[in-house]
Each structure stands twice: as C-alpha cells, then as structure tokens.
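Asker: Here it is: the structure, laid out below.
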Amino acid sequence: MHLRYSYRICPTAGQRSALARTFGCARVVYNDALAARKQARKDGLPYPKGTDLQKLVITEAKRTAERAWLASVGVDPLIQSLRDLDTAYRNFFDSVSGRRAGRPVGLPHFKSKRDNRQSLRFTRNGFRIRGNGKLNLARIGDVRVKWSRVLPADPSSVTILLDPSGRYYASFVVDVEPEHLPELDTEIGIDLGLTTYAVMSDGSVIDNPRFLRKAEKKLKAAQRALSRKAKGSKNRAKARRKVAKAHAKVADTRMDWLHKQTTGIIRENQAVYLEDLNVRGLGRGRLARSVHDAGWSTFRRLLEEKAARYGRTIGIVHRAFPSSQLCSECGHRDGPKPLAVREWACGACGVLHDRDLNAARNILAAGQADRLNAPGGPVRPGAAIPRQARPVERGTHLGDLPRTGVRAAGAGGIPVL
Ligand SMILES: [Zn+2]
1408 MHLRYSYRIC PTAGQRSALA RTFGCARVVY NDALAARKQA RKDGLPYPKG TDLQKLVITE
1468 AKRTAERAWL ASVGVDPLIQ SLRDLDTAYR NFFDSVSGRR AGRPVGLPHF KSKRDNRQSL
1528 RFTRNGFRIR GNGKLNLARI GDVRVKWSRV LPADPSSVTI LLDPSGRYYA SFVVDVEPEH
1588 LPELDTEIGI DLGLTTYAVM SDGSVIDNPR FLRKAEKKLK AAQRALSRKA KGSKNRAKAR
1648 RKVAKAHAKV ADTRMDWLHK QTTGIIRENQ AVYLEDLNVR GLGRGRLARS VHDAGWSTFR
1708 RLLEEKAARY GRTIGIVHRA FPSSQLCSEC GHRDGPKPLA VREWACGACG VLHDRDLNAA
1768 RNILAAGQAD RLNAPGGPVR PGAAIPRQAR PVERGTHLGD LPRTGVRAAG AGGIPVL
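One gets the numbering used here by counting positions in the sequence shown from 1 and adding 1407 to each.
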C-alpha cells in the first residue's frame, strides 16, 4: 500500500527562489495544457494526447521567446504537472460517468499565482536522498530535511509543498506492506455527537477539542488586525503572514488531535462501525461551525486509512438507519427525536437511554449484523453492507503505535494534499 510521509524542509534563500521559479513554470505548463485542451474542445477536435501536449507546452514552448524561461528549470516537475492535469480530467470524467464514488468532481481549472498552496512533484528521475540526509532535487540542489521519523522504504516520488504560512514540506510516497496488528475480539460502534465529539458503544466519550476555539480566537484577532492595514502596504503583507500562520496552527492542532484519537480507536478495536453522516449537508446549516471544527470526514478517513494499514475493519452504517430512534435494549422503534432531546425512555421496555450512547450501541449492532450477512447475503433494509477499509494513498500519520516503533511527527509534520 502507498503511504505518504511528510517532513519539513529548510531550503536556502537560493533554493527558495529556484523553487519559486519551478512552481511558476509548472503552473504555466499546466495552464497552457489546459488552455490547449479547452481550445481543442471548442474547435471540435479530439483531446490532444499526453505526448502531444508535452511536446506543445514544454519542448516546443521552450524554443519560443515568451516561454524560453521554461528551460531554466528541471523538466521532471513540468511533466508531472501535466500528469496532474490528466488525473484531474480523469477524475472529472469518472465522476460524471459514476465510476468515481464520493462528491462530484468539477472540470480542472486554471491555477493562479495566488493559490494557497504551491506544489511540485519529482519522480525517481528528479530526486534522491543523499548519504548525509539531504534531499537532492534536480536543478534545485541539496535541501536540508527535518527527519522527524524514519522513512520505511525507498520513496517513489516526492512532492514539494509551500503552504500559505511560508513553510516548505517534502511529502514522500512510499510503498509498504500492511502491518497487521494482533487480532482482538473487541468491536465498537461510534456515534458522532454534537455536545460531545463522539460516544462509543462501550460508554466511553471523546470530548470536543475545545482548544481549537482558543486557537481560533487568535486567528480572529489576526484577521481583524489584517483588515485594519492599508492595502498594498508592508504591514498588510506582514499581517497576512500572521493570519496564515494562525490558520496553519489551527489545522495542525486539529490534525494532531484527530490522529491521536483515531490511532487509539484502531489500536483497541478489531472492527469499528460508524454512521454514514452527511457531513457536507450538515456543514451548510446552522451547525456548520461545530461540524467543521469536529472534522468528521477527516476522522472517518483516518480511521479507514489506519484500519487498512493495521488489518482492522471499518463498517459504515447507512445514514437512513434510525440509530437514534431504536431502543438498543428491546429493538422497539420509538420515533424521531429532535436534537435537543439528550435522554429518553423507551415506550416499550421503559429503559432510560442516553441518546448518543444508545445510538452508538445501535450502530454497533447494525454494523455487526451487516458484516455477518455480507457479502451478498440478506441485509436489513436501511443498512448498507460495510466496506472493508480501502487502501490509502495519502496523508498518514502513525501516531505512536507501539509495534511500529516510529515517533509521531508532531504538529505540522503532515500536510495533506
Ligand atoms: Zn426498549
């Protein structure tokens, strides 16, 4: 399976300007290729092939006066930039045809100098790791890396990222064997709550990460300061960097916290069942703030990734399953309850339920039933067949699983594309 390992890197001033030049060239090549494809479509021509595009926007463009500067950077990241465009188109077409699950993907759009994130990818031809631990990038030089943990194998590619707060990262893709943990017989249902972050079927509770609110207060203050600065001034640029830094801090803190929670859950349970909540739908409404704080979809993605890696199972219970209406003791369906109702007594057996704990128990039971019935067997209406966790291709963070013996990378180590 492919995992991503990310590290802070410290390019020198000269390397930073070489990187900036390469970011720019990769962006121009991407945009030129996108424009060529759009033009072909307008003219009713077939889509230009990858090799033809490469010739057009790189090889031949270099010989023109307007694009001669493309020759000043390495060719590998430029080719990778075209591959990204191919992938963007493929995702779009797969999404339209229904081959791709998840939310709809739009057509690729032009990249801007002002995009929040700049990135470049180098393949095996474009980089290597030196004996002294420096990362050699073609036409950029030997860049110092903060190796916060050990790379488990030879990376097949590296993406260089520049985030809006001015930090550089190298994100390596490494092919590793899954490391299945010893099997357990514990299984758990999780109900994602609003008053608490989550409630588990064994009665344990994950509290909301309130510390995020504190970090957000700082962010707000920085944003207010920014709005007071005159446009185009040096002070404004400085204030903008402060806002970006505060943003990065919030994101890092949240990610660290999510990693800690998900690692614990995967380590302690053989199977984890979750409800397929429509997080995007919830996110638009009044609850938007707390939902986004909570980062539910990231929570779920991390669980799935870690499950794939450590040989655990994730079951997703369909969102139509009435987890908060059923009595987990007797199975009586008690009818819908507004969100404000935190406790209720079953109309049939009289047991008093904590809303979230009862829901978590129902999710566990539904998930286990589905798992027994799957695949192909009879499944109760309203409950989807749980998926075996998918292998991952991005953003992993091992936390501090004892068997792996690797250290957590700490805040900021793991930006995800
Ligand atoms: Zn009951």
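Just so it is clear, CB atoms sit at the ideal spot from N, CA and C, and this is done for glycine as well.
So if DSSP puts Q1525 in a beta bridge, which residue, or which two residues, is it bridged to?
Answerer: Bridge partners of Q1525: L1569.
Asker: When the Cα atoms are used, what is the spatial distance from N1769 to L1733?
Answerer: 7 Å
Asker: Below 8 Å on the Cβ atoms is my guess for Y1680 versus I1613; work out the distance and round it to an integer in Å.
Answerer: Actually they are not in contact, since the Cβ atoms of Y1680 and I1613 sit about 15 Å apart, beyond 8 Å.
Asker: Any chance you could list the residues with Cβ under 6 Å from a heavy atom of ligand 1, keeping chain order?
Answerer: Cβ-based neighbours of ligand 1 within the cut-off: C1734, E1736, C1737, H1739, C1753, A1755, C1756 and V1758.
Asker: Between which two residues does the beta strand (DSSP E) harbouring N1543 extend?
Answerer: L1542 to L1544
Asker: Cβ atoms of E1594 and L1771: under 8 Å apart, would you say?
Answerer: yes
Asker: Tell me which same chain residues have a C-beta within less than 7 Å of the C-beta of D1609, skipping the five on either side of it?
Answerer: I1595
Asker: For I1613, write down the residues that DSSP places opposite it in a beta bridge.
Answerer: Answer by DSSP bridge pairing, in chain order: A1605.
Asker: I need the DSSP call for S1731, collapsed to helix, strand or coil.
Answerer: coil
Asker: Roughly how many angstroms separate the alpha carbons of P1515 and G1757, rounded to a whole number?
Answerer: 56 Å
Asker: Quick check: what's the CA-CA separation for P1562 versus H1725?
Answerer: 37 Å
Asker: When you compare the CB of Q1487 with every CB in chain C, is at least one pair closer than 8 Å?
Answerer: Looking for chain C here will not work: only one protein chain is present.
Asker: Expressed to the nearest angstrom, what Euclidean distance is found between the alpha-carbon atoms of D1761 and R1497?
Answerer: Using only the alpha carbons, I get a separation of about 46 Å.
Asker: Identify whether V1435 lies in helix, strand or coil by the three-state DSSP scheme.
Answerer: If DSSP states are grouped into helix, strand and coil, V1435 belongs with the helices.
Asker: Quick check: the stretch 1498-1511 against the stretch 1459-1478, are there 3 or more CB pairs under 8 Å?
Answerer: no
Asker: Please identify the residue among K1520, K1445, A1651 and R1643 whose C-alpha is closest to the C-alpha of R1574.
Answerer: A1651
Asker: Are the beta-carbon atoms of L1568 and S1578 separated by less than 8 Å?
Answerer: yes
Asker: Flag this pair as yes or no: are the beta carbons of Y1576 and Y1414 separated by less than 8 Å?
Answerer: Their beta carbons are under 8 Å apart, which means Y1576 touches Y1414 by this criterion.
Asker: Count the other CB atoms within 10 Å of the CB of C1417; is the residue buried (16 or more) or exposed (fewer)?
Answerer: Using a 10 angstroms sphere on the CB of C1417, the tally of other CB atoms stays under 16, which defines it as exposed.
Asker: Considering only heavy atoms of ligand 3, does any lie closer than 7 Å to the CB of E1675?
Answerer: Ligand 3 is absent from the structure shown, which contains only ligand 1.
Asker: So, with DSSP's three-state summary, where would you put V1724?
Answerer: strand
Asker: Hey, quick one: how far does the beta strand (DSSP E) through Y1412 stretch, first residue to last?
Answerer: Where Y1412 is concerned, the enclosing beta strand (DSSP E) stretches over H1409 to C1417.
Asker: Is H1760 helix, strand or coil by DSSP?
Answerer: strand
Asker: Considering just the uninterrupted stretch of the alpha helix (DSSP H) at S1578, what are its terminal residues?
Answerer: Per DSSP, S1578 belongs to no alpha helix (DSSP H); it is in the beta strand (DSSP E), Y1575 to D1582.
Asker: Under a three-way DSSP split, which group does S1504 fall into?
Answerer: helix
Asker: My understanding is that A1755 touches H1739, with C-beta atoms under 8 Å, so please give their C-beta distance in whole angstroms.
Answerer: In this structure, A1755 and H1739 form a Cβ contact; the two beta carbons are roughly 4 Å apart against a cut-off of 8 Å.
Asker: Kindly list the residues whose CB is nearer than 6 Å to the CB of A1629, restricted to its own chain and excluding five residues on each side of it in sequence; keep chain order.
Answerer: Only K1649, V1650 and A1653 meet the Cβ criterion.
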